[in-house]
Each structure stands twice: as C-alpha cells, then as structure tokens.
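Notes follow once the structure below has been shown.
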Amino acid sequence: MRKIILTGDRPTGCLHIGHYAGSLKNRVKFQESGLYDTFIMIADHQALTDHAKNPALIRKSVFEVALDYLAVGIDPSQSTILIQSQIPELHELTMLFLNLVTVSRLSRNPTVKTEIKQKQFGDSIPAGFLIYPVSQAADITAFKATTVPVGSDQLPMIEQTKELVRSFNQAYGEVLTEPEALLPNSEKEGRLVGLDGKSKMSKSLGNAIFLSDEADEIQKKIMGMFTDPNHIRVEDPGQVAGNPVFDYLEAFCSDKEVLEGLKAHYQRGGLGDMKVKRYLNEILQAELEPIRARRKMFEKDPVYIQEVLRAGTETARSKVAETLTEVRQAIGLDYFR
Ligand code: TRP
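Laid out in structure tokens, this is it:
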C-alpha cells in the first residue's frame, strides 16, 4: 500500500527559516523520493482557534504560505496543497471524534498546555483552541495518512490521534488508519532556535528570519544575533552550545569539515563573532536568494496561486469525502442511501 503523508502549517504570517530547516526542506525531499502521496494543508481553521478576531491576517497569510511553499520547491503537480476550511468533511469528522475524547484528556495534552501558557489565555481558553488536537486528528485520519512528519513538540498530537483512531475503530469498526510520526534527523533541525537564542524561532516572538526577507534585512538580523555573552574579546574561548549562530550553521552549512574547524577555533579562542556571523550570512544568503527570487516571481501571478489552491483543495476534498462515506456507513449515519 502506498504511504500517505499529511503535513501542514497554520497561516498566521510568512514562513521562516525555522519552518524551512525543520519541515519545508524535508517536504521537498519526500516529494523527490516519489515514495508518498503528499497532502500539505494550510490549516486556516486551526489558525483561527487563537486568532478568531483577526480573520484578515489569516486570509492574507493563506496566500503568503502558499507562496512560501512554491518558493521552496513544492511542486503542485506532485504534492497536493489544500486549504483546510474549504473541506467541510474535516469538520464533520472532528464533530464525531469529539464524542470519543474527554475534556480532561484534552486539558492534559502537553503541546496544548505549553501553548496555553505561552498565549496567556488564563481562564479564557477558547473551546476551539482546546479541541484543536481533535481537529488535527480529523485532518490526519480523513486523509488516511500513514505518516506525519512532525517536530518532537508535536508528538502528543500524534499520540492523541492514535488514541482516537483506536476508540473509533473499536466503537464502529476498522475504518481509520493509525498514523506514524516521522521525526526530523536531529532535534536542532526540528526546532531551530530564535535569533535571541531564547526560544524556538517564531513570528510572534519577533526572533525570526523569513523566507521573504530581503538580503539586507537578513544580514542585519544575523549581525544582531545573540551569541556567547562571555565571549567578549576575540582571543577569549567561546561556547558553541547554546549559541544560535552555530545552531544555524549546523542547520545550513553543508561543509561539515569547515564547520567543525570553526567550532574548534571558536572554543579555543581567537575567532571573533563577526567573522562567524559573516560566514553564516554568506551561507544563508546563498540558500535564500533563489527562494526569494522564485517567491517574487509567483507573487506576480495571484491567479496561478489561486488556481493551485483551488485544484489542490478539490483533489483533497474528493479523497476526504471517500473516508467520510465509510465513516458515516460505519456509524449508521447513511440514512438516505
Ligand atoms: N499543528 C500544525 C501547526 O502548528 C498545523 C497542522 C494542522 C498540521 N493540521 C495538521 C500538521 C495535520 C500536520 C498534520 O502548524
């Protein structure tokens, strides 16, 4: 049986190099391997679970994220790009899943717990936000995805999906497929740290380099990056661990020998931060320049983007509709046969 991948992103802005290192690059590799049917979801309903009052941002970001996908080399003739909200069957399955999970189980989901803290919801957690793992489980299972590439922070989502599949299949018969998580090669790759070295790169924390950033912006951001605060004079020995400049080199520098040399030199002392940053700048500029150029090209053709999204969503919907027909039959909701 052919393997099916489902991946996706919440459209709350443009995508950054953390997305690129952690997932976009791998999606292009999956595409090139020819081993999978790949569906890439722009999860606009999920984005609304914590941006309900700002739908204009989500609408605009759907287009931006689509541009980012095409810019990095996702080919719509090989991978299906779709918009979540345009597939009502996903929400039908979410509704059915909600009866198979308890409120206390949802409140214990570690990913959601962390996000609730970050977003400072306090006692005002939107119910839609609390249940988004159920909606994500519906996304995954409606496509009968076998494989979900995720960072380790998303593992609780896959665990919850598996539980839902098991209770669904137990209650109504073997209809749904248990997905497997596919983790990135290294933790660093999966969770690129922000420019400030403090937390994961994210738009909301203002510590990101975006795929759409201009060359001078990228340079400015790199030159302002956090490094080892105790590495004051060039001759001082420096720390590589917890130093985001080296984390980025780890993620983007393909010449591992040069990188090992740099690390040793930095740790020994005698290598200045500016020099390392300039090297990182060179590497990132080379990597991002063609992506930015393709992005600009696609940006000029909104009709094409619209068509990619429309056609992808249509293909995706027919796949999901098949699953939902089986689901309704299994539960006995097929009244008008
Ligand atoms: N939760 C993902 C994010 O935070 C987006 C997403 C929605 C997703 N549905 C998915 C990812 C299904 C993988 C599979 O960006």
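The opening position of the sequence shown corresponds to residue 798 in the working numbering, with each subsequent residue numbered one higher. Where is the CB? At the ideal position from N, CA and C, for every residue including glycine.
Are the beta-carbon atoms belonging to residue i and residue j less than 8 Å from one another?
i	j	result
Ile802	Thr944	yes
Pro978	Ile955	For the record, residue 978 in the displayed sequence is Ala; it is not Pro. Contact flag set, yes.
Asp872	Gln828	yes
Leu961	Leu897	yes
Pro1041	Met1020	no
Ile884	Thr1110	yes
Lys800	Leu832	yes
Gly1035	Gly994	no
Leu992	Lys1018	yes
Report the rounded CA-to-CA distance for residue i versus residue j, giving the unit in angstroms.
i	j	result
Gly1069	Asn1078	14 Å
Ala840	Ile814	19 Å
Val988	Thr908	Looking at the sequence provided, one finds Arg at residue 988 rather than Val. Cα-Cα distance, rounded: 14 Å.
Asp865	Phe1095	9 Å
Ala1083	Phe1049	10 Å
Ile937	Leu890	11 Å
Ser830	Gln875	11 Å
Val869	Glu1054	26 Å
Lys1093	Asn851	26 Å
Gln1126	Leu893	13 Å
Val1105	His1062	48 Å
Pro953	Arg905	10 Å
Val862	Ser1009	10 Å
Arg1114	His888	12 Å
Asp1013	Leu1081	12 Å
Ala942	Leu1059	42 Å
Gln881	His842	7 Å
Arg1091	Glu1011	13 Å
Arg1107	Leu879	8 Å
Ser858	Leu980	26 Å
Ala849	Glu912	16 Å
Asn966	Asp1098	45 Å
Asp1052	Tyr1076	12 Å
Kindly indicate which three-state DSSP category residue i falls into: helix, strand or coil?
i	result
Leu1085	helix
Ser876	strand
Pro1099	helix
Met798	coil
Thr809	coil
Met1022	coil
Lys1072	helix
Leu803	strand
Leu989	coil
Leu979	strand
Val1117	helix
Thr943	coil
Ile955	helix
Phe836	strand
Phe1007	strand
Lys997	strand
Tyr1132	coil
Glu1111	helix
Lys1060	helix
Asp1052	coil
Thr846	coil
Leu961	helix
His1028	coil
Asn1078	helix
Ala1150	Outside the displayed range of the chain (798 to 1134) lies residue 1150, so it cannot be described from this structure.
Using the beta-carbon count (16 or more within 10 Å), is residue i buried or exposed?
i	result
Met998	buried
Tyr1101	exposed
Asp1025	buried
Asn982	exposed
Val900	exposed
Leu1130	exposed
Lys1074	buried
Leu930	According to the sequence as given, residue 930 is Pro; it is not Leu. By the 10 Å Cβ count, Pro930 comes out buried.
Ala939	buried
Pro976	buried
Arg856	exposed
Ala935	buried
Tyr1045	buried
Arg824	buried
Asp920	exposed
Phe1043	buried
Glu1057	exposed
Legend entry - Inter-stretch contact (C-beta, 8 Å, three-pair minimum) for the segment 913 to 920 and the segment 939 to 953: no
Inset, instruction - Could you tell me whether the segment 964 to 973 touches the segment 1108 to 1118, where touching means 3 or more Cβ pairs closer than 8 Å? - result: Because the criterion of three Cβ pairs below 8 Å is not met, the segment 964 to 973 and the segment 1108 to 1118 do not touch.
Legend entry - the segment 804 to 824 touching the segment 999 to 1017, judged by at least three CB pairs closer than 8 Å: Touching, per the Cβ criterion.
Inset, instruction - Determine, using beta-carbon pairs with one atom in the segment 815 to 825 and one in the segment 921 to 929, whether at least three such pairs fall under 8 Å. - result: no
Inset, instruction - Say whether the segment 1058 to 1066 touches the segment 1026 to 1044, bearing in mind that this needs 3 or more beta-carbon pairs closer than 8 Å, one atom from each stretch. - result: The answer is yes - the segment 1026 to 1044 touches the segment 1058 to 1066, with three or more Cβ pairs under 8 Å.
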